[in-house]
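Participant:
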Amino acid sequence: MKRVLKDIVARLNKSHHPSHNDNQLTKKISRKYPWGQIDSIEIEQSGLLRIKGFLIDNISDLTGLRVRVNGREIVSLNSYTTYSPEEAKTFSSHTPFCGLVIEYLLHPVANQEITNIDIRFNNEILFQSDNKISLTIPHFDGLFSENRVLHRDNIYGYGPPVVSVGTDIQALSKFLTSPVIDFGCGSGALVKMLRAEGYEAFGIEIKRQPIIDSLIKDAEPYIILYDGQTPLPYENNAFESGICTEVLEHVPDYETVLPELARIIKKRLIVTVPDISAIPLLHRHKVVPWHLLESTHVNFFTQSSLSCLLKRYFKRVEFKRAGLISINQTKFYVHLVAIADK
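Residue numbers (the numbering used here): 4 to 345.
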């Protein structure tokens, strides 16, 4: 679904030197008209193009504005004014809502690279580029243009089990010894990987249709699908080690599950949960990481609370972090990792 963002325009126009970062290209225009000014053009990595400006007075007609992408004209998605009190001192005396934005969505035009953009107002060229632009189509990109009123379940949902193993989990698996149980194994991706590396690996997962549909054939013989009840269908100390990746946050009765895992695991349990310290870390940016909003998350752990919980059943708990992300220069980790030993 995603396409890698390549070099967004090395040179759009040698005479104007547009600025860009990893997420957005901005081209200054500064064209003045009797009704106001077209100030800039922005292209977001997600495929949203904005023509931005300021109004001296209400503009009655923008039908002369034409945007062509890959030789095909596209229609505007939204137009609106913005609260811009500082600019109003220069451009408008009658309202602080003098900022003008007209939006276009680029990615429905083509799934391949965008090779040409031509923007004109009343046949006057505002912007032209023949440089290639590759977009990264975001999840929920339909929210740019959805006509329905959506509900909580449309937004705070959950997806199918992953069918591959991230490099961070691959690295954590090196701390395991055979035989291994993957509790909440999903599609069995980790079971498959471990067995390919010579581990005697098994998985257990709640029986539900999305799991059945996603099971990896090579792992299926080594996975038990059960009803989610305890006790777990294994003998005491049946496994040398176990792993539980991004599962406990989904389990309402986690305090019943953990002693069961301690019962069937002889030596070591590796647990990963979302690192909720991302919430206060990102507070100044007014954002919350999307993965924390999944509708099936019912428990939220800190290092302190997870340590207290695991030390009921394991003598030693060591912590790690994985999945480093940076948002507006603030760095945080996706995964809080605990390695618990008896």
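Note that CB positions come from ideal geometry on N, CA and C, so glycine has one too.
These numbers come from a predicted model, not from an experiment.
(1) As a quick exercise: from H97, L272 and T299, pick the residue whose alpha carbon is nearest that of R155.
(2) Within the same chain, show all residues whose beta-carbon is closer than 8 Å to that of V291, passing over the 5 residues directly before and after it, in chain order.
(3) Does T170 come out as helix, strand or coil in the three-state DSSP assignment?
(4) For K334, does the three-state DSSP call read helix, strand or coil?
(5) To which residues does DSSP link F304 through a beta bridge?
(6) For chain C, check one thing: does any of its Cβ atoms lie closer than 7 Å to the Cβ of V301?
(7) Of the choices T84, I105, S176 and P88, whose alpha-carbon is the least far from that of I246?
(8) At which residues does the alpha helix (DSSP H) containing P277 begin and terminate?
(9) Report the start-end ranges of each alpha helix (DSSP H) in the region 284-329 that is 4 residues or longer and not cut off at the edges.
(10) So, helix, strand or coil for S95, using DSSP?
(11) Name the one or two DSSP bridge partners that Q131 has.
(12) Enumerate in chain order the residues of its own chain whose CB-to-CB distance from N239 is below 8 Å, with the five nearest sequence positions on each side excluded.
(13) What would DSSP say about V70, mapped onto helix, strand or coil?
(14) What do you get for E252, buried or exposed, if any count of 16 or more other CB atoms within 10 angstroms of its CB means buried?
(15) Skipping 5 residues on each side, what residues in its chain have a beta carbon closer than 6 Å to that of K135?
(16) K334 to L327, Cα distance in whole Å?
(17) Whole angstroms is fine: what's the gap from A222's alpha carbon to R319's?
(18) Assuming the contact rule is C-beta atoms closer than 8 Å, I227 and I207 should be a hit. Round their C-beta distance to whole Å, please.
(19) Compare the C-alpha of F147 against each of T98, Y107 and G102 and name the closest.
(20) Can you give me the start and stop residues for the beta strand (DSSP E) that L138 sits inside?
(21) In the structure shown, what three-state DSSP assignment does G162 receive?
Facilitator: In brief:
(1) Here residue 155 refers to the residue found at position 152 of the sequence shown. The shortest Cα separation from R155 among H97, L272 and T299 belongs to T299.
(2) Looking up residue 291 in the sequence shown gives position 288. Hits under 8 Å: A281, I282 and L285.
(3) By 1-based counting over the sequence shown, the position of residue 170 is 167. Correct three-state label for T170: helix.
(4) To locate residue 334, count along the sequence shown from 1; it is residue 331. Three-state result, K334: strand.
(5) Stepping through the sequence shown from its first residue, residue 304 is reached at position 301. Partner(s): none; F304 has no beta bridge.
(6) The structure shown contains no chain C, having only a single protein chain.
(7) Start at 1 with the first residue of the sequence shown, and residue 246 comes out as number 243. When the alpha-carbon of I246 is set against those of T84, I105, S176 and P88, the nearest one is in S176.
(8) Translated into positions along the sequence shown, residue 277 becomes position 274. Per DSSP, P277 belongs to no alpha helix (DSSP H); it is in the beta strand (DSSP E), I268 to P277.
(9) Counting only unbroken stretches of 4 or more residues, the alpha helix (DSSP H) elements lying wholly within the region 284-329 are 306-313, in sequence order.
(10) Here the question's residue 95 lines up with position 92 in the sequence shown. Reduced to three states, the DSSP call for S95 is coil.
(11) Taking the sequence shown and counting its residues from 1, one reaches residue 131 at position 128. Paired residues: D121.
(12) As a first step, residue 239 is located in the sequence shown; it is residue number 236 there, counting from the start. Once the five neighbours on either side are set aside, the close Cβ partners of N239 are R266 and I267.
(13) Looking up residue 70 in the sequence shown gives position 67. Per DSSP, reduced to three states, the secondary structure at V70 is strand.
(14) Stepping through the sequence shown from its first residue, residue 252 is reached at position 249. E252 is buried by the Cβ-count criterion.
(15) Against the sequence shown, residue 135 aligns to sequence position 132. E116 and T118, listed in sequence order.
(16) Walking along the sequence shown from the start, residue 334 turns up at place 331. Walking along the sequence shown from the start, residue 327 turns up at place 324. K334 and L327: Cα-Cα distance of roughly 7 Å.
(17) Here residue 222 refers to the residue found at position 219 when the sequence shown is read from its first residue. Here residue 319 refers to the residue found at position 316 when the sequence shown is read from its first residue. Whole-angstrom Cα-Cα distance: 31 Å.
(18) Locating residue 227 in the sequence shown gives position 224, where the first residue counts as 1. Locating residue 207 in the sequence shown gives position 204, where the first residue counts as 1. Between I207 and I227 the Cβ distance is about 5 Å, and since that is below 8 Å, they are a contact.
(19) In the sequence shown, the residue the question calls residue 147 occupies position 144. Checking every option, the nearest Cα to that of F147 belongs to Y107.
(20) The count along the sequence shown starts at 1 and reaches residue 138 at position 135. Looking at the DSSP string, L138 is not in any beta strand (DSSP E), and its letter there is neither H nor E.
(21) As a first step, residue 162 must be located in the sequence shown, where it is residue number 159. G162 falls in the coil class under three-state DSSP.
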